[in-house]
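Visitor: Residue numbers (our numbering): 134 to 248. Dumping the structure here so I can ask a few things about it.
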Amino acid sequence: MDFIAELDLAQDMLAIKSLVDGVKQVFGVTPTSEKGDFVKSPIAVALGIAYIEDINNIGLPLTWSEMIEQKLLTVYYSEECRNQIIDWAKANGYNTSTYLGRPIVKFSKLYIIIA
Numbered sequence: 134m135d136f137i138a139e140l141d142l143a144q145d146m147l148a149i150k151s152l153v154d155g156v157k158q159v160f161g162v163t164p165t166s167e168k169g170d171f172v173k174s175p176i177a178v179a180l181g182i183a184y185i186e187d188i189n190n191i192g193l194p195l196t197w198s199e200m201i202e203q204k205l206l207t208v209y210y211s212e213e214c215r216n217q218i219i220d221w222a223k224a225n226g227y228n229t230s231t232y233l234g235r236p237i238v239k240f241s242k243l244y245i246i247i248a
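So this is what it looks like as structure tokens:
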């Protein structure tokens with residue numbers, strides 16, 4: 134957690150958690166289990182940003198430096214909810230855009246692709 138604070142990611146992580154929590158509250162859906170870049174982060178799993186069936190199967194985690202270099206990280210939702218999620222995010226003050234035709238939510242250090 135200290136490393137996340139050192140990289141100035143704490144606010145982004147809390148904002149992403151807020152987005153995921155808001156989507157869950159409004160639409161009753163969570164990110165697709167076992168998919169996305171955050172499933173390799175025990176902290177993201179603990180915050181509820183990513184879901185895995187068995188914590189022992191988390192695999193080799195990416196370092197936060199690698200995640201920042203990647204810049205665009207993916208959170209997967211079911212296809213039928215994707216557009217509604219982006220519309221909701223936009224209506225609730227999140228900075229949204231598209232990248233190569235894919236919807237993204239921009240945070241200060243990370244951009245999240247809603248796939």
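For every residue, glycine included, the Cβ atom is placed at its ideal position computed from N, Cα and C.
So, for Trp221: in the same chain, excluding its five sequence neighbours on each side, which residues have a beta-carbon less than 8 Å away from its beta-carbon?
Guide: Residue numbering aside, residue 221 sits at position 88 when the sequence shown is read from its first letter. Correct list, in chain order: Gly155, Val156, Val159 and Phe160.
Visitor: Starting from Pro175 and walking both ways along the alpha helix (DSSP H), at which residues does that stretch end?
Guide: Residue 175 sits at position 42 when you count from the first residue of the sequence shown. Note, Pro175: alpha helix (DSSP H), Pro175 to Leu180.
Visitor: Quick one: give me the first and last residue of the alpha helix (DSSP H) that Ile219 is part of.
Guide: As a first step, residue 219 must be located in the sequence shown, where it is residue number 86. Looking at the DSSP string, the run of the alpha helix (DSSP H) that includes Ile219 is Arg215 to Ala224.
Visitor: What's the C-alpha gap between Ser151 and Pro175?
Guide: Translated into positions along the sequence shown, residue 151 becomes position 18. Translated into positions along the sequence shown, residue 175 becomes position 42. Spanning the two alpha carbons is a distance of roughly 17 Å.
Visitor: Determine the burial state of Tyr305: buried for a count of at least 16 other Cβ atoms within 10 Å of its Cβ, exposed for fewer.
Guide: One cannot answer for residue 305 here, as it falls past the ends of the chain, which runs 134 to 248.
Visitor: Tell me the rounded alpha-carbon separation between Ile247 and Thr165.
Guide: Looking up residue 247 in the sequence shown gives position 114. Looking up residue 165 in the sequence shown gives position 32. The alpha-carbon atoms of Ile247 and Thr165 are separated by roughly 11 Å.
Visitor: Nearest to Ile201 by CA position, among Thr163, Tyr244, Leu147 and Asp187, is which residue?
Guide: Against the sequence shown, residue 201 aligns to sequence position 68. Scanning Thr163, Tyr244, Leu147 and Asp187 for the CA closest to the CA of Ile201 turns up Tyr244.
Visitor: Which residues share a DSSP beta bridge with Val208?
Guide: Numbered from 1 along the sequence shown, position 75 holds the residue referred to as residue 208. Ile247, per the DSSP bridge assignment.
Visitor: In chain order, what residues of the same chain lie with their CB nearer than 7 Å to the CB of Asn225, ignoring the 5 residues before and after it?
Guide: To locate residue 225, count along the sequence shown from 1; it is residue 92. Taken in chain order, the residues that qualify are Gly155.
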